[in-house]
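**Q** Residue numbers (our numbering), protein chains in the order written: chain A, 2 to 177; chain B, -13 to 134.
We put the beta carbon where it would ideally sit given N, CA and C, even for glycine.
Bear in mind the structure is a predicted one, so any value in this text is a computation, not a measurement.
I'd like to ask some things about the structure below.
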Amino acid sequence: MKTRLWLWVPLALFAFFAGLAGYMLTQPKDQFVESTMIGEPLPDFALDPAFGGLPGAAKADFAGGRPRLLNIWASWCLPCIAEAPQLEALKAQGVEIIGIAIRDRPEDVARFLARYGNPYTRIGSDRISEVQLAIGSSGVPETFVIDGEGVIRYQHIGDIRADDVAVLLAELEKAK
Amino acid sequence: MIRSVLALLLTLLALPGAVPALGQDTMPPAPYAYTQLEDPALEAEASALMHTLRCLKCQSQSIADSDAPMAGDMRHQVRSRILAGESPDQIRAWLVARYGDYVSYEPTVSATTWPLFAIPLLVILIGAGVLLRRLGRRRGETGAEAGE
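Structure, rendered in structure tokens:
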């Protein structure tokens, strides 16, 4: 009898793996690739202004003691429209947001800001995703908390939803 | 009535095609995204490396195989860094420092991935052990039968 039970083990294992595979097929794919640069200083960069209205962005702009947000976005990115009101809310709380526009044109940046609001103090133009790759960002939009010493402290992947605002404010507070 | 339903259906069908430009940039590719290095030896080095790096946007492709703008920008990084004298290992390490093992499209043995390599070996060994024991037992049985 004991040996009989043993015979069922391979079938049970097979059923387990088949079930697991079937279950995983129904789960949404996790497409987020997290940056492994958290805790590391920002790499050296100096980007030209993304359009005529604001200065460009450089590593030096993150010095001076207070934490800031670094927002990776683009005028061609749809979720960036969705997060615009949340960036405005963060700006209203006194947060300084420095933008980096990925693969973007000045006229498109200007049009986007005129339409959806401008929460930025500076926007650098990253035409070939150079700075994006250097900080370990894998898409738009992404938002990084940078402390007063220019060290990356937190990464938010995807658009900022209403309930992410409090999380980001808390992370900014922690980075002080 | 039928006509308006048809018109509605047609507009619905046309909808996905109506927003082609959004969600994708219109910028020209980075200089070295689609342009090979002039030195064939350096290009071969760059190409070999590009086949072992994962596209971050289209995760089932290497950056050598992907047409995503970001993969183009990564190829530009690889080629321009090779041209500047960096070794493929240095460039790979630079990317792994930013994205972790994930960016490696070539499986490497590390603290988290070693079971992937160890388990199949273990299973084969167990299988071989079971098989040998069974065959040995059967031979013993037939031997005993023959002796009877």
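For chain B, check one thing: does any of its Cβ atoms lie closer than 7 angstroms to the Cβ of residue 91 of chain A?
**A** Counted from its first residue, the first sequence places residue 91 of chain A at position 90. By this cut-off, residue 91 of chain A is not an interface position.
**Q** Which whole-angstrom value describes the C-beta separation of residue 132 of chain A and residue 46 of chain A, a residue pair presumed to lie in contact below a C-beta threshold of 8 angstroms?
**A** To locate residue 132 of chain A, count along the first sequence from 1; it is residue 131. To locate residue 46 of chain A, count along the first sequence from 1; it is residue 45. Indeed they touch by this definition, with Cβ atoms about 5 angstroms apart.
**Q** Check the C-beta distance from residue 125 of chain A over to residue 101 of chain A and give it rounded, since I have them as a contact under 8 angstroms.
**A** Numbered from 1 along the first sequence, position 124 holds the residue referred to as residue 125 of chain A. Numbered from 1 along the first sequence, position 100 holds the residue referred to as residue 101 of chain A. So it is a contact: roughly 5 angstroms between Cβ atoms.
**Q** Based on the DSSP output, what are the partners of residue 123 of chain A in its beta bridges?
**A** As a first step, residue 123 of chain A is located in the first sequence; it is residue number 122 there, counting from the start. Paired residue(s): A:99.
**Q** Are at least three pairs of beta-carbons, each pair with one atom in the stretch 112 to 131 of chain A and one in the stretch 57 to 77 of chain A, less than 8 angstroms apart?
**A** yes
**Q** Does chain B have any CB closer than 7 angstroms to the CB of residue 137 of chain A?
**A** By one-based count along the first sequence, residue 137 of chain A stands at place 136. Yes, residue 137 of chain A counts as interfacial toward chain B.
**Q** Would you mind working out which of A:8, A:70, A:17, A:10 sits nearest residue 173 of chain A, comparing C-alpha positions?
**A** On the first sequence, residue 173 of chain A is found 172 positions in, with the first residue counted as 1. Per the Cα distances, A:70.
**Q** Check the DSSP bridge columns for residue 111 of chain B and list the partner residues they point to.
**A** Counting from 1 along the second sequence, the entry for residue 111 of chain B is found at position 125. BP columns for residue 111 of chain B are empty, so no partner.
**Q** Check the Cβ-Cβ distances between residue 74 of chain A and every residue of chain B, and say whether any is below 7 angstroms.
**A** As a working note, residue 74 of chain A is residue 73 in the first sequence. Closer than 7 angstroms: no.
**Q** Excluding sequence positions up to five away, which residues of its chain have a Cβ less than 6 angstroms from the Cβ of residue 7 of chain B?
**A** If you number the second sequence from 1, residue 7 of chain B lands on position 21. Only weak support exists for where residue 7 of chain B lies, its pLDDT of 45 falling under 50; the value from the coordinates is given anyway. If we look at residue 7 of chain B and ignore the five residues flanking it on each side, it has no Cβ neighbours.
**Q** DSSP puts residue 156 of chain A in a beta bridge; with which residues?
**A** Numbered from 1 along the first sequence, position 155 holds the residue referred to as residue 156 of chain A. The partner list for residue 156 of chain A (beta bridge, DSSP) reads A:145.
**Q** Would you list, in sequence order, the uninterrupted alpha helix (DSSP H) runs of no fewer than 4 residues that lie entirely inside the stretch 44 to 98 of chain B?
**A** 55 to 69, 74 to 85
**Q** Report the CB separation of residue 43 of chain A from residue 136 of chain A in whole angstroms; it is logged as a contact under 8 angstroms.
**A** Looking up residue 43 of chain A in the first sequence gives position 42. Looking up residue 136 of chain A in the first sequence gives position 135. The Cβ separation is near 7 angstroms, so the contact holds.
**Q** Looking at the structure shown, is residue 73 of chain A part of a helix, part of a strand, or coil, going by DSSP?
**A** Here residue 73 of chain A corresponds to residue number 72 of the first sequence, with the count starting at 1. Strand.
**Q** Under the DSSP definition of a beta bridge, which residues are partnered with residue 65 of chain A?
**A** The residue labelled residue 65 of chain A in the question sits at position 64 within the first sequence. According to DSSP, residue 65 of chain A bridges with nothing at all.
**Q** Using the beta-carbon of each residue, which ones in chain B are nearer than 9 angstroms to residue 148 of chain A?
**A** Here the question's residue 148 of chain A lines up with position 147 in the first sequence. In chain order: nothing, as chain B lies at least about 19 angstroms away.
**Q** For chain B, check one thing: does any of its Cβ atoms lie closer than 7 angstroms to the Cβ of residue 39 of chain A?
**A** The sequence position of residue 39 of chain A within the first sequence is 38, counting from 1. No, residue 39 of chain A lies away from the interface with chain B (no Cβ there is under 7 angstroms from its Cβ).
**Q** Is the stretch 79 to 99 of chain B touching the stretch 37 to 52 of chain B, taking contact as three or more C-beta pairs under 8 angstroms?
**A** yes
**Q** Grouping DSSP H, G and I as helix and E and B as strand, with all else coil, what is residue 51 of chain A?
**A** Numbered from its first residue, the first sequence carries residue 51 of chain A at position 50. Residue state for residue 51 of chain A is assigned as coil, using DSSP reduced to three classes.
**Q** Is residue 25 of chain A buried or exposed, if buried means 16 or more other CB atoms sit within 10 Å of its CB?
**A** Counted from its first residue, the first sequence places residue 25 of chain A at position 24. Residue 25 of chain A comes out exposed.
**Q** Any beta carbon from chain A within less than 7 angstroms of residue 59 of chain B's own beta carbon?
**A** Counting from 1 along the second sequence, the entry for residue 59 of chain B is found at position 73. Yes, residue 59 of chain B counts as interfacial toward chain A.
**Q** Do you know how far the Cα of residue 140 of chain A is from the Cα of residue 113 of chain A?
**A** If you number the first sequence from 1, residue 113 of chain A lands on position 112. If you number the first sequence from 1, residue 140 of chain A lands on position 139. Each residue's Cα considered, the two are about 18 angstroms apart.
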